[in-house]
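Data first, discussion second: the structure below is written as structure tokens.
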Amino acid sequence: MRILVVLPVKDRHKERFQKAAPGHELVYCLASEVTPDLAATADVILGNIPVSMLSGCSHLKWIQLNNAGTEGFCEPGALPEGTVLTNATGAYGTAISEHMIAMVFMLHKHLHEYYMQQQSCQWQRLGPMTVADQSTTLVLGMGDIGTAFAKKMHAMGSYIIGIRRSKRPKPDFVGEQYTMDALAQVLPRADIVAMSLPGYDETRHIINEEMLRRMKPSAVLVNVGRGMSVDTMALCRALNEGRLGGACLDVTDPEPLPPDHPLWKARNAIITPHASGGFALDVTLEKILDLCAQNLERFINGQPLVNVIDMRTGYVKR
-19 MRILVVLPVK
-9 DRHKERFQKA
1 APGHELVYCL
11 ASEVTPDLAA
21 TADVILGNIP
31 VSMLSGCSHL
41 KWIQLNNAGT
51 EGFCEPGALP
61 EGTVLTNATG
71 AYGTAISEHM
81 IAMVFMLHKH
91 LHEYYMQQQS
101 CQWQRLGPMT
111 VADQSTTLVL
121 GMGDIGTAFA
131 KKMHAMGSYI
141 IGIRRSKRPK
151 PDFVGEQYTM
161 DALAQVLPRA
171 DIVAMSLPGY
181 DETRHIINEE
191 MLRRMKPSAV
201 LVNVGRGMSV
211 DTMALCRALN
221 EGRLGGACLD
231 VTDPEPLPPD
241 HPLWKARNAI
251 ITPHASGGFA
261 LDVTLEKILD
271 LCAQNLERFI
281 NGQPLVNVID
291 MRTGYVKR
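In the numbering used here, the protein residues as written are -19 to 298.
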């Protein structure tokens, strides 16, 4: 069996993969260097390659993604029939939740404005700041990332309201939990609205003009899921008209954001170039490679895999 690994690995990772799949061929290649001919020879792929290459992989039995999102991979015909798809849910919570907090604090403490003042050597206080204690945080998407962020905000004294796709037991650190149909009802209560949603038709423009008008004028919107979950032009209007306190965006729609897009200069918009995830932190990459090695050993031994995706929904099977 040929196992194609398209992740940045060191010798110690290769040793672990070989131990997990003794007697099988392991081929290492950066994702950017994968060709359709090489992909077509793989029985297993560890890491992401372009979806367009996968339909021709007639030998493919399983692909392990290195991200949590599964957009494109679940489309009919994207994968050869019978191929198992798993993702990296659980690897990104630590890194991305800290990025979210950093952006929120940047707005709450006027740090972006103070930095701009520093460039022109100005010594001027900018007025009241905001604290997390006794705030209300609404988290849309209570997966690994949303849960990690909610835990951190709860630890700092924020009251947590969670919204998830389906009804599940409420964690102790969450004050209230609802499904998406309650969004309009709970939005007006939130000081921070944090989104870590995947990019599917049902999540497109979840935050639109109507929902933005329901939010507090002082509220901060945080999005680290997919840019298409927010109506970008409606967000620009809300920010520039002072109807929203600010936006912390690691994802945008479109993405990359064109240089002439009005969102760049929108009032109190903090934008990072989809940088909170990926392999920005060594700990994230280590978690992904650890998951790959565990799942590879399970696959070779005929055991159930971790994070198997329901191809109908794009989410991990529960």
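Cβ atoms here follow ideal geometry from the backbone N, Cα and C, with glycine treated the same way.
Since the structure is predicted, the reported quantities are computational estimates derived from the model, not experimental observations.
Rounded to the nearest angstrom, what separates residue i and residue j at their Cα positions?
{"i": "GLY207", "j": "ASP233", "result": "5 Å"}
{"i": "ASP124", "j": "VAL296", "result": "11 Å"}
{"i": "ALA58", "j": "LEU269", "result": "24 Å"}
{"i": "LYS147", "j": "GLU156", "result": "12 Å"}
{"i": "HIS185", "j": "VAL31", "result": "24 Å"}
{"i": "ASP240", "j": "ALA246", "result": "12 Å"}
{"i": "ASP211", "j": "GLU5", "result": "47 Å"}
Is residue i helix, strand or coil when you go by DSSP?
{"i": "ARG305", "result": "Within the shown structure, residues of the chain are numbered from -19 to 298, placing residue 305 beyond reach of any answer."}
{"i": "THR63", "result": "coil"}
{"i": "LEU(-16)", "result": "strand"}
{"i": "LEU249", "result": "Residue identity differs from the one stated: residue 249 is Ala in this sequence, not Leu. Strand."}
{"i": "GLU5", "result": "strand"}
{"i": "GLN274", "result": "helix"}
{"i": "GLN283", "result": "coil"}
{"i": "VAL288", "result": "strand"}
{"i": "VAL(-11)", "result": "coil"}
Looking at C-alpha atoms only, which residue of the options is the closest neighbour of residue i?
{"i": "THR15", "options": "SER209, ALA1, LYS(-10) and VAL(-14)", "result": "VAL(-14)"}
{"i": "MET291", "options": "ARG194, TYR180 and ALA170", "result": "TYR180"}
{"i": "VAL202", "options": "GLY226, HIS4 and ILE(-17)", "result": "GLY226"}
{"i": "TYR72", "options": "ALA128, VAL31, GLN104 and GLY57", "result": "ALA128"}
{"i": "SER115", "options": "GLY126, VAL200 and LEU106", "result": "VAL200"}
{"i": "ALA0", "options": "ARG298, ASN281 and VAL288", "result": "ASN281"}
{"i": "SER198", "options": "MET80, ASN46, ASN248 and HIS241", "result": "ASN248"}
{"i": "MET175", "options": "ILE141, PRO151 and LYS196", "result": "ILE141"}
{"i": "PRO151", "options": "VAL166, ARG145, LYS131 and MET33", "result": "LYS131"}
{"i": "GLN(-2)", "options": "MET122, CYS272 and GLN102", "result": "CYS272"}
{"i": "LYS(-6)", "options": "VAL286, GLU266 and ILE43", "result": "GLU266"}
{"i": "LEU45", "options": "THR293, VAL288 and ARG298", "result": "VAL288"}
May I have a chain-ordered list of the alpha helix (DSSP H) segments no shorter than 4 residues that lie completely inside the region 201 to 243?
Runs found: 212 to 220.
For the region 15 to 40, list the alpha helix (DSSP H) runs that are entirely contained and at least 4 residues long, ordered along the chain.
You should have 16 to 19 and 31 to 34.
Curious, which full-length beta strand (DSSP E) runs of at least 3 residues does the region 148 to 199 contain?
Whole beta strand (DSSP E) segments, 3+ residues: 156 to 159 and 172 to 175.
Complete alpha helix (DSSP H) runs within the region 68 to 143 (minimum length 4 residues, chain order):
Runs found: 73 to 88, 91 to 99 and 124 to 135.
Three or more C-beta pairs below 8 Å linking the region 60 to 71 and the region 90 to 108
Of all C-beta pairs linking the region 60 to 71 to the region 90 to 108, fewer than three are shorter than 8 Å, placing the two stretches out of contact.
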